[in-house]
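As structure tokens, the structure follows; a few thoughts come after it.
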Amino acid sequence: MMKNIYQPVEAVIENIIQETSAIKTFTLKPKTDFSFVTGQFIELTVPGLGEAPFTPSSDPGIKERMDVTIMKTGAVTSKLHEMQKGQVVGIRGPFGKGYPLHKFKGKDLLIVGGGVGLAPLRSLLFSLFSTIDNYNKVLLRYGSRTANDIVYKGSIGEWAKRDKFDIVTSVDIGDPSWQGNVGLVTTILKDMPIDLNNASAIVCGPPIMMKFVTLKLLDLGFKPKDIYLSMEKSMSCGLGKCGHCRLGKFYICKDGPVFTYEELKDIHDIWD
Amino acid sequence: MKMETYFLSNEDILKFYDRIVKDYQLYVPVKTKTPIKIACDYGFSLPTDDYILKEYSAVNKEEIVFNEYRPIEPVRTFFNQYKEEVGEYFAQETIEKDKKEKPVAISGIKNCDIFSLKIQDFVFLGKDDDIVDPFYKKRRQDALIISGDCPGFKEACFCRAFDINPYCEQGFDFNLSVLNNGYLVDVNSKKANLIAGSIRDLLTPATLGQLSGRSAKRDAVIRKLDEHLSHHKIPKKEVLQEIVKAGHNSQIWHEQMRTCVECGGCIFMCDTCHCFLLSDEISGNNSKRLRVWDGCLLKNFTRVAGGGNALKMRYMRLRNRYIKKFDFFIDNIGFQACCGCGRCIDVCPGRIDIRNILRRLYDEKYLPAS
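Residue numbers (the numbering used here), protein chains in the order written: chain A, 715 to 986; chain B, 10 to 379.
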């Protein structure tokens, strides 16, 4: 019989990092090597409970294990947060189309992340690190709710030291220990050293954040075709069959999850 | 291969079925009474009985009929079951158990169902093995489709509005057309040919007279159905996408949903709906994965963890269904995902009628407000 597209592959939880009170990064070691392209997503199974879609946050160059950074929000993620090292989960995928790195060649890249939306972007950053000669510069603008909600705290400082990288972070609600910008992520999208005629913007975060960042980018002069958005819905099968993630004429799972705003701008209610 | 047509007399239809049941699990049409009656409001006297498909070995032979129109259940139920185990993990053996199912033979399928199978095939099959639903594919390729002409239609039938004829010319293995004291039998596939070869004594080549007799009957049904549909004024298939797009903010969606009780009947009886949810259960030391029908008229269809729901209001869900059928599918396969079978009309306790909605959308776009 042919391949069963619904069957998960076994993966062991090798490590767990508590990123924030509600976010953990799980390192998974699948039974067999598992490759993905940055921006593609997987379906992660909690045995007996069900699946949920996540975009891996690790370096796509590493085939034998992957990181998935997960915020506790629903049934599957709550159960995942209770799980321990050594326990077994399932994975299916990878699904969809990732970030079109070839289109970013020779460009200034503006990466805008919000909250746990930095997870897929971290995998993108790893991909950029290994091909950095292809790009002029990389700006990362990251916003989280409070300083305690920042993911990959230890890494952001290191990334900022890299050649060609320019990183600014912001929190919505400040506190005395926070030295950086206070305000929504849109407040740090200004005075950017970027050539708008030769730039691509990559946005990932909650829908409301992506909406206002997109509006801001358009306002700044970005063209719709140069704005890349990571869309998400309740993807179930990942293969364009179950019908849950339709958006206009697309299925997010197979035609996305990365779309340009140009592709989406005429579709109703894309941020809902 | 060239399609051959034979004549099979009434007395021999059971022998024909008996031959098929040797290799297949055969389903045949049986008449049934349902409380659902949609009366015709302009004087046509149309049948209101229904047909269901029952397993041949489980019915009294005298109950078996030739159904005048499509059966109650959509044909997809034979290939994509309402709730089906599609995986077991993480047992030592994660390879699928070879389910020893006899392939099905389905008699009583009509052309609306054949049209719908094009949509189901588009969704569940594919050029690439990585996206093929193996359970659907196995059943679909092994099945024997015994379609039939529609000598009649019921009130809810509207296939011809979308230029779908009430008789089949392709997509079947056998097709039966009632004629005089028997049937014309079209043989349209290798597997059908093999069966026909083994019962050659029952079959006589169709004469030109019989073939033209069939054409005349088909034309007569079309004329009557077209007259029926002229009262419904259903928009042509060429404008469906346009009117659904134009009607995005129409009040129709709100008005129609006033009587919706969210039973999901329309999505589950629909011949072209295909949505499902993968749902997992504990099963002993193992876990199993089920593929369960789902649909966009149900309120949690697009709900995500954290509570967001793109289709949170009922009118959005009704509209979504029309966008899917008349916008998404036209963009993706070039034709609408509606075959005019009218099952959603028959089943709806709220009397929500797809023909009425399409007509209203058309009127709003093209007729000046008075």
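Where is the CB? At the ideal position from N, CA and C, for every residue including glycine.
Partners in chain A for residue i, counting only beta-carbon separations shorter than 7 Å
i: Pro112 of chain B; result: Result: empty, since nearest Cβ-Cβ is about 15 Å, beyond 7 Å.
i: Ser8 of chain B; result: The displayed coordinates of chain B run from 10 to 379. Any statement about residue 8 of chain B would go beyond what the structure contains.
i: Phe133 of chain B; result: Lys955
Element boundaries [alpha helix (DSSP H), containing residue i]
i: Val790 of chain A; result: Ala789 to Glu796
i: Leu217 of chain B; result: Leu217 to His241
i: Ser944 of chain A; result: That residue, Ser944 of chain A, is in no alpha helix (DSSP H); its beta strand (DSSP E) goes Ile941 to Ser944.
i: Met325 of chain B; result: Arg323 to Ile332
i: Arg806 of chain A; result: Here Arg806 of chain A belongs to no alpha helix (DSSP H); instead the beta strand (DSSP E) covers Val802 to Phe809.
i: Lys109 of chain B; result: Per DSSP, Lys109 of chain B belongs to no alpha helix (DSSP H) and is neither H nor E.
i: Lys930 of chain A; result: Pro921 to Leu934
i: Gln265 of chain B; result: Ile261 to Gln265
With 16 other Cβ atoms within 10 Å as the buried cut-off, status of residue i
i: Tyr51 of chain B; result: exposed
i: Asp137 of chain B; result: exposed
i: Val301 of chain B; result: exposed
i: Asp210 of chain B; result: exposed
i: Cys49 of chain B; result: exposed
i: Leu203 of chain B; result: exposed
i: Val782 of chain A; result: buried
i: Ser809 of chain A; result: Reading off the sequence, residue 809 of chain A comes out as Phe, not Ser. When all chains shown are included, Phe809 of chain A counts as buried.
i: Ile887 of chain A; result: exposed
i: Lys717 of chain A; result: exposed
i: Phe16 of chain B; result: buried
i: Lys111 of chain B; result: exposed
i: Tyr91 of chain B; result: exposed
i: Pro377 of chain B; result: exposed
i: Gly935 of chain A; result: exposed
i: Glu290 of chain B; result: exposed
i: Val852 of chain A; result: buried
i: Thr213 of chain B; result: exposed
i: Ile22 of chain B; result: buried
i: Leu929 of chain A; result: exposed
i: Leu217 of chain B; result: exposed
i: Arg855 of chain A; result: buried
i: Ala114 of chain B; result: buried
i: Gly871 of chain A; result: exposed
Residues bridged to residue i (per DSSP)
i: Ala255 of chain B; result: Ala255 of chain B is not bridged to any residue.
i: Gly775 of chain A; result: Per DSSP, none; premise fails for Gly775 of chain A.
i: Asp59 of chain B; result: B:Thr41
i: Pro767 of chain A; result: A:Glu757
i: Asn295 of chain B; result: B:Ser292
i: Gly828 of chain A; result: A:Gly857
i: Asp822 of chain A; result: A:Lys851 and A:Ala913
i: Pro971 of chain A; result: A:Lys811
i: Glu64 of chain B; result: B:Tyr36
i: Gly762 of chain A; result: Partner(s): none; Gly762 of chain A has no beta bridge.
i: Glu94 of chain B; result: B:Leu299
i: Glu724 of chain A; result: A:Gly804
i: Leu835 of chain A; result: Looking at the DSSP assignment, Leu835 of chain A forms no beta bridge with any residue, so it has no partner.
Contacts of residue i in chain A (Cβ-Cβ under 9 Å)
i: Lys333 of chain B; result: Gly957 and Arg960
i: Ile201 of chain B; result: It should be noted that the sequence gives Ala, not Ile, for residue 201 of chain B. Result: empty, since nearest Cβ-Cβ is about 25 Å, beyond 9 Å.
i: Ile140 of chain B; result: Ile719, Leu953, Gly954, Lys955 and Lys968
i: Val248 of chain B; result: By Cβ distance, chain A contributes nothing, its closest Cβ being about 18 Å from Val248 of chain B, past 9 Å.
Amino acids of chain A, ordered along the chain, whose beta-carbon sits closer than 8 Å to that of residue i
i: Cys284 of chain B; result: Cys956, Gly957 and His958
i: Tyr98 of chain B; result: Gln721, Pro722, Glu724, Thr759, Pro761 and Gly804
i: Arg300 of chain B; result: Tyr720
i: Pro143 of chain B; result: Met715, Met716, Lys717, Asn718 and Ile719
Extent of the continuous beta strand (DSSP E) to which residue i belongs
i: Pro744 of chain A; result: Ile737 to Pro744
i: Leu17 of chain B; result: Glu13 to Ser18
i: Met780 of chain A; result: Met780 to Met785
i: Ile115 of chain B; result: Val113 to Ile118
i: Leu212 of chain B; result: Leu212 to Pro214
Per-residue contacts from residue i into chain B (C-beta, under 7 Å)
i: Ser950 of chain A; result: Leu286 and Leu287
i: Thr791 of chain A; result: Ala314
Interface partners of residue i on chain B, CB under 9 Å
i: Val999 of chain A; result: Only positions 715 to 986 of chain A appear in the structure, and residue 999 of chain A is not among them; the question remains open.
i: Thr787 of chain A; result: Val313, Ala314, Gly315 and Gly316
i: Thr746 of chain A; result: Correct list: empty, because the minimum Cβ distance to chain B is about 12 Å.
Interface residues of chain B facing residue i [CB-CB closer than 8 Å]
i: Glu765 of chain A; result: Leu287 and Asp289
i: Lys947 of chain A; result: Thr311, Val313 and Ala319
i: His982 of chain A; result: His257
i: Lys963 of chain A; result: Asp336, Phe337, Asp340 and Asn341
* Asked: Which whole runs of the alpha helix (DSSP H) in the stretch 128–205 of chain B are 4 residues long or more, in chain order?
  -> 143–151
* Run through the stretch 850–881 of chain A for me and flag every whole beta strand (DSSP E) of 3 or more residues, listed as ranges in chain order. => 851–858
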